[in-house]
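Since the structure comes first, as structure tokens, the remarks are kept for the end.
Number of protein chains: 2
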Amino acid sequence: MKTFAPEPAAPPPLGEFELIDRFFSRPGHRLPTQVVLGIGDDCALLQPTPGMQWAVSSDMLVCGRHFFPDVSPHSLGHKALAVNLSDLAACGATPVGFTLALSLPQSDAAWLDGFSRGLLELADAHHCSLVGGDTTRGPLTISITVFGEIPPGQALLRSGAVVSDDVWVSGTLGDAALALDCLNGHRNISAPALALARERLERPTPRIGLGTALRGIASSAADISDGLAGDLGHIVRRSGVGAVLDAHAVFSLFTPSHLKDPGSGGACDTSPSPDDVARYTLYGGDDYELVFTASPLQRTTLGAIASQTGTPLTRIGQIVIGDGIELVNSQGTPWKAHGRSFDHFAG
Amino acid sequence: MKTFAPEPAAPPPLGEFELIDRFFSRPGHRLPTQVVLGIGDDCALLQPTPGMQWAVSSDMLVCGRHFFPDVSPHSLGHKALAVNLSDLAACGATPVGFTLALSLPQSDAAWLDGFSRGLLELADAHHCSLVGGDTTRGPLTISITVFGEIPPGQALLRSGAVVSDDVWVSGTLGDAALALDCLNGHRNISAPALALARERLERPTPRIGLGTALRGIASSAADISDGLAGDLGHIVRRSGVGAVLDAHAVFSLFTPSHLKDPGSGGACDTSPSPDDVARYTLYGGDDYELVFTASPLQRTTLGAIASQTGTPLTRIGQIVIGDGIELVNSQGTPWKAHGRSFDHFAG
């Protein structure tokens, strides 16, 4: 579309088409069989695998809100796709492709080089092809829509939890929130420890392998983008059930990366208080682990899945009749979680 | 994801989920058969019609760049989807669904009410369902990804033009550029005339009916979002051919809406100069008409399609051996177009 505003003074301009050709087109790149036509026309053309359903998700990352302006462009490219792939993981879908809409204040070749490498390296790792998109000048904003495939009836939904199911969480929680606290000046930890926490904040690992392994095993799932309380909250609300969580198991999910890597030499200035640990595990977002429910009959199978996919799985509680989420502490006393989720508008 | 910045003072907050429920969820709304699961989970689930291909396109609209900050939210909602549907039209695809990623400075209920109505009214008119998305706080930015279906092998591509094909354009060109000139203070026309031109700038009509009718008839197609020169330029470049256009036919495409509606009482302060008319028709974007090529054997069929779809079609030239676009004026003298397309970065 035409511009509505005078152009600001800018570095040597890089045209929209030149930008796409240089950083995002890869003529020799082998596309998945489902991609009939990739970048370069008005639309991409995809040929779905016969009988499969398509899972679709869109996320938008805004500079200063979802990432710091000085974040490494390589990490940002990784994260922008990772948060979308995480939605596919939460559904158990296999990635196929994605579109990228990118608004940039200026066409900075060094920035674009890092961003596109971070983006496409993760895309290649998951055989997920960039099939189209849009670039424009404006405030730094990244919007990705990702597509994946899944056999009909096998998608993991938020609405499938049933009473007496176990509640599980993959990996550990709180590294991202810890890094954020440090980067916002609320806590000091050693540089090596911060580097490890920051790696999880800025380069999260979408749990694609786990998600597909949970097809037919988990009764419900969500990815933890906004915090365990909020995302498990979606599951219980949509399933019409409640959850009781073992506070000790929940808080034990906070095992910062630097403590798992004794060689890093890192340490917090002070150990996080119990309140901090509760905040990190219950309300810390951005770790992109999965929370899911499954029948207790699946415990052995889930142990095998944990081994096969190299993903630690922790059982943190149970689905019950009722609504909301209750925490039970080590003395058996119910500890009422505040029930609130992070919310982009309510803040 | 968690916020990285302190919240600015804001009007009474409207939560992300409340916002979606209130303005974008329509529980009673009948979804197309392909939509298995719409808004509310980590992913939407779509069941493609067996054998069909999927056409996918993403566009991003940035405040101050693609629209004026004070544009009516109802018009903006319409336009945000229209520019995406126009990409489906250019491919000949039938709309199915779309995702919306929306960044907003604040959650303003009146604005959201208008925006969502404009968006969903156009969506309903084309049986194209909102299936998911993302909302966040940030600079006003709208990113939509649209999906449509088309039988394999029938998509209209930019690369299909062949020598001796006719070049056609739907409707008229230049209203949007005229409106933009007026709104930017470069030209004065009467209020009723401006209202008509502005309607085309702000509420373009995606040529979905024409696009699907052109399956198997047109050899190539593109929508005119950046100007005829640029968008036909894509076709000739990707088809490895050139085009010779009749300047008189091209310039006659500028028939401002107020001249087609004598009752409007509108008139330009001064008639646009020949240079203005050339600029409006060749480089004016935002009209969202289609430019396409077809064998001369299709002229009768195209006359019938024009009648059936109520879409004026004008033959403006021919595909030739060579490259680039040449304009031939009424004296038969070749008039070399500058060959440049509007480009979001080169400006």
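Residue numbers (this note's numbering), protein chains in the order written: chain S, 1212 to 1558; chain V, 1212 to 1558. We put the beta carbon where it would ideally sit given N, CA and C, even for glycine.
In this structure Asp1497 of chain S does not touch Pro1403 of chain S by the C-beta definition: roughly 20 Å separates them, more than the 8 Å allowed. Contact check for Arg1418 of chain V and Ser1297 of chain V: beta-carbon distance about 7 Å, within the 8 Å limit, so the pair qualifies.
For Glu1413 of chain S, the uninterrupted alpha helix (DSSP H) run begins and ends at Ala1402 to Glu1413, by DSSP. Within the same chain, Cβ atoms closer than 6 Å to the Cβ of Ala1312 of chain S are found at Gly1344, Asp1345 and Ser1354, the five residues on either side in sequence being excluded. For Val1267 of chain S, the chain V residues whose C-beta falls within less than 7 Å of its own C-beta are Cys1254, Ala1255, Leu1257, Thr1310, Val1342 and Gly1343, listed in chain order. Rounded to whole angstroms, the gap between the alpha carbons of Phe1278 of chain S and Lys1290 of chain S is 10 Å. In this structure, Gln1519 of chain V lies near Ala1424 of chain V, with their beta-carbon atoms less than 8 Å apart. Two segments are said to touch when three or more pairs of C-beta atoms, one from each, lie closer than 8 Å; by this definition the segment 1501-1510 of chain S touches the segment 1366-1386 of chain S. By the CB criterion at 8 Å, Ala1460 of chain V and Ile1527 of chain V fall inside the cutoff. One finds Val1247, Leu1256, Leu1257 and Gln1258 in chain S with Cβ atoms closer than 7 Å to the Cβ of Gln1264 of chain V, taken in chain order.
The contact set of Leu1456 of chain S on chain V, defined by CB atoms closer than 7 Å, is empty, because the minimum CB distance reaches about 21 Å. Around the beta carbon of Ile1532 of chain V, fewer than 16 other beta carbons lie within 10 angstroms, which makes this residue exposed.
Residue-level contact by beta carbon holds for Gly1349 of chain S and chain V, with a gap shorter than 8 Å.
For Ser1518 of chain V, the uninterrupted alpha helix (DSSP H) run begins and ends at Arg1510 to Thr1520, by DSSP. Within the model, the alpha-carbon separation for Pro1350 of chain S versus Leu1513 of chain V is close to 43 Å.
Here DSSP, grouped into helix, strand and coil, assigns Phe1465 of chain S to coil. For Cys1393 of chain V, none of the residues of chain S pass the 8 Å Cβ criterion, the least Cβ distance being about 13 Å. Taking the CA atoms as reference points, Leu1333 of chain V sits about 27 Å from Pro1259 of chain S. In this structure the segment 1325-1332 of chain V does not touch the segment 1241-1252 of chain V; the number of beta carbon pairs closer than 8 Å is below three. A residue is called buried when at least 16 other Cβ atoms come within 10 angstroms of its Cβ; Asp1281 of chain S does not meet this threshold and is exposed. Taking all protein chains shown into account, His1337 of chain V has 16 or more neighbouring C-beta atoms within 10 Å of its C-beta and is therefore buried. Across the structure, Gly1451 of chain V and Asp1392 of chain S are spaced so that their CA atoms are roughly 56 Å apart. In the three-state reduction of the DSSP assignment, Phe1279 of chain V falls in the coil class.
Think of a sphere of 8 Å around the beta carbon of Asp1486 of chain V: no beta carbon from chain S falls inside it, the nearest being about 17 Å out. Remark: C-beta atoms of Gly1535 of chain V and Val1447 of chain V approach each other more closely than 8 Å. Sequence-distant partners of Leu1230 of chain S (beyond 5 residues in either direction) whose C-beta falls short of 8 Å from its own C-beta, in its chain, are Ser1318, Leu1323 and Thr1346.
Collapsing the DSSP output to three states places Cys1393 of chain S in a helix. Residue burial annotation: Ala1320 of chain V is exposed, with fewer than 16 other C-beta atoms found within 10 angstroms of its C-beta. Against chain V, the CB of Thr1492 of chain S has no partner CB under 8 Å away; the residue lies outside that interface.
Residues of chain V whose Cβ lies closer than 9 Å to the Cβ of Val1273 of chain S are, in chain order, Ser1314, Thr1347, Arg1348, Gly1349, Pro1350 and Thr1352.
In the same chain as Cys1302 of chain S, and ignoring 5 residues on each side of it, the C-beta atoms closer than 6 Å to its own belong to Ala1266, Ala1366 and Leu1367, in chain order. Nearest CB-CB separation between Pro1523 of chain V and chain S: not below the 8 Å threshold. With a cutoff of 8 Å on beta-carbon distance, Leu1299 of chain S and Gly1359 of chain S are scored as near each other. Not flagged as an interface residue toward chain S: Thr1416 of chain V, since no C-beta distance is shorter than 8 Å.
Considering only S:Leu1242, S:Thr1356 and S:Arg1369, the residue with the shortest C-alpha distance to Ile1435 of chain S is S:Arg1369.
Check the Cα spacing between Ala1408 of chain V and each of V:Pro1485, V:Leu1443, V:Asp1386 and V:Ile1516: the tightest is with V:Asp1386.
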